[in-house]
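One structure below.
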Ligand code: ADP
Ligand code: GLC
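Given below as structure tokens:
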């Protein structure tokens, strides 16, 4: 079966968050299961693209409204990622350094999707299934089925995965002129509350839609669908919750090149300490103290605004007997507040703003606990990376966090949960976790156990393939 994944991000080409990790690993594991999975994504002016070789396999021009843009489809020549990678380069639209944040994002992603369809239409090998990820590729199922230009692709099964339902890519109907022509009687399929909503269009037009945990699927249908709850409920017969896996080749403490010392579940005690030591020396943190870390986007969903209050309160309540480390970027107000806390608690709090892949690995290895006070967490990968590296997750009981980190008091406990996304809830759980750590034997036992959990993609990749087969048989 030949499957094209379409996405705005893919690790290691361009990563902003977990979407990239998923799209950079799921196809690799699907290929090992006998499927032919490739990735089609926008071209960006980034290191991976500039340092690797690509072959121009298709080119042409795309008209968006009244402007003509030349485009190229470039194929990575060595298949070094474990799948074929196709980049869509549109002059003046995708030749940019960042994935997101541009004023004309709607136009950028309409252009990307339209050219991706030109490419699939003209490609010698037609896909058996097209798998779209998030709203940036949400118009594809509509265009395949209702745009006469793409008639050749009509009926090919599509799957749409929601990695984050908070972002829906809404745009006003004036953007209609940028879309390829279709019969206006079909425009209701693009509409939600009188505007074009690509995520809603994806849900309406795909053969099946999935999200990245069962817990989050439930939340989408109930209170966390960001306005689309009734649509998710209405389309529930084609909804699936499939939890993400992790790439256990990239995220392996035994071989990870970003670590100072590698380790496994038999020798983690001293080796985790060695990684922590380097982190502490680099950031001048007080030695020998337990470390609670946070890695992620400074966004409301992640509860990042709670961090300054939590850190300050915990350091005071534990009389300076705990260290924190935060790596992240995003909301500038959060960054400023964290800087203020850092100045007040020198030696107890390390902060690095910006995106730093290497440092993130060192933190997963050196930390004792990983804190995730998320308000919304569709799946979350950090907690799985943390467990694989022997760091115990402290998580808010929500979405994928609730599915993957049962509380210590449950039978298969893996970490510490708290209910309320506020300072008090998080501090309550952190105190509990730190007290637990003073029981060295129990704490080591838990770390050994979570390091051995199989979070690999094999199981979930199988589930996606089973879903593809079900849809094709319909
Ligand atoms: P989301 O996609 O919502 O941001 P996930 O938990 O699915 O959350 O994935 C986040 C991914 O991004 C993880 O691989 C995490 O290690 C990484 N990450 C987030 N922020 C940073 C950062 N500032 N530096 C390095 N890696 C980061
Ligand atoms: C999104 C979600 C995150 C999930 C990731 C990969 O960015 O916020 O929870 O892990 O996608 O599916």
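In our numbering, the protein residues as written are 154 to 627. Cβ coordinates follow ideal geometry from the N, Cα and C atoms, glycine included. Here the structure is a predicted model, which is why all the values come from computation and not from measurement.
Quick check: the Cα distance between residue i and residue j, rounded to an integer number of angstroms?
i	j	result
residue 216	residue 385	33 Å
residue 393	residue 374	12 Å
residue 167	residue 411	19 Å
residue 532	residue 566	18 Å
residue 276	residue 400	30 Å
residue 589	residue 615	37 Å
residue 530	residue 310	28 Å
residue 283	residue 608	25 Å
residue 460	residue 505	14 Å
residue 289	residue 351	7 Å
residue 547	residue 389	31 Å
residue 432	residue 408	19 Å
residue 218	residue 562	58 Å
residue 574	residue 447	15 Å
residue 295	residue 451	33 Å
residue 582	residue 470	13 Å
residue 291	residue 199	24 Å
residue 270	residue 305	10 Å
residue 293	residue 414	45 Å
residue 164	residue 467	35 Å
residue 380	residue 344	13 Å
residue 526	residue 174	21 Å
residue 185	residue 522	34 Å
residue 486	residue 457	10 Å
residue 249	residue 194	13 Å
residue 211	residue 272	7 Å
residue 162	residue 285	12 Å
residue 240	residue 190	15 Å
residue 353	residue 299	15 Å
residue 397	residue 474	35 Å
residue 203	residue 402	24 Å
Would you grab the beta carbon distance between residue i and residue j for me? Rounded to a whole angstrom, and I think it's under 8 Å.
i	j	result
residue 156	residue 183	7 Å
residue 278	residue 264	Not a contact, Cβ separation roughly 24 Å.
residue 515	residue 536	At roughly 17 Å, the Cβ-Cβ gap does not stay under 8 Å, so residue 515 and residue 536 are not in contact.
residue 444	residue 421	Their Cβ separation, rounded to whole angstroms, is 14 Å, which puts residue 444 and residue 421 out of contact at 8 Å.
residue 229	residue 207	6 Å
residue 188	residue 618	6 Å
residue 463	residue 543	Actually they do not touch by this definition, with Cβ atoms about 23 Å apart.
residue 395	residue 160	Actually they do not touch by this definition, with Cβ atoms about 16 Å apart.
residue 358	residue 342	6 Å
residue 214	residue 221	5 Å
residue 501	residue 439	6 Å
residue 252	residue 169	5 Å
residue 177	residue 234	7 Å
Is it right to say residue i is buried, meaning 16 or more other beta carbons lie within 10 angstroms of its own, or is it exposed?
i	result
residue 325	exposed
residue 570	buried
residue 511	exposed
residue 598	exposed
residue 383	exposed
residue 308	exposed
residue 366	buried
residue 347	exposed
residue 339	exposed
residue 493	exposed
residue 416	buried
residue 364	buried
residue 591	exposed
residue 322	buried
residue 472	exposed
residue 280	buried
residue 331	buried
Just grab the DSSP bridge partners of residue i for me.
i	result
residue 504	479
residue 586	Its beta-bridge partners do not exist; DSSP assigns none.
residue 260	In DSSP, residue 260 forms no bridge with anything.
residue 314	286, 363
residue 548	525, 570
residue 345	348
residue 163	167
residue 558	In the DSSP output, where bridge partners are listed per residue, residue 558 has none listed.
residue 375	DSSP lists no partner for residue 375.
residue 444	476
residue 537	DSSP output for residue 537 lists no bridge partner at all.
residue 457	Looking at the DSSP assignment, residue 457 forms no beta bridge with any residue, so it has no partner.
residue 223	214
residue 193	159, 239
residue 399	609
Taking CB distances under 9 Å as the criterion, tell me whether residue i reaches chain B.
i	result
residue 340	You won't find chain B in this structure, because it holds only one protein chain.
The ligand ATP and residue i: does the residue's C-beta get closer than 8 Å to at least one heavy atom of that ligand?
i	result
residue 407	The ligand content of the structure shown is limited to the ligand ADP and the ligand GLC, which means the ligand ATP is not among them.
* Any chance you could list the residues with Cβ under 6 Å from a heavy atom of the ligand GLC, keeping chain order? => 170, 171, 172, 175, 316, 317, 365, 397, 530, 531, 532, 533, 534, 553
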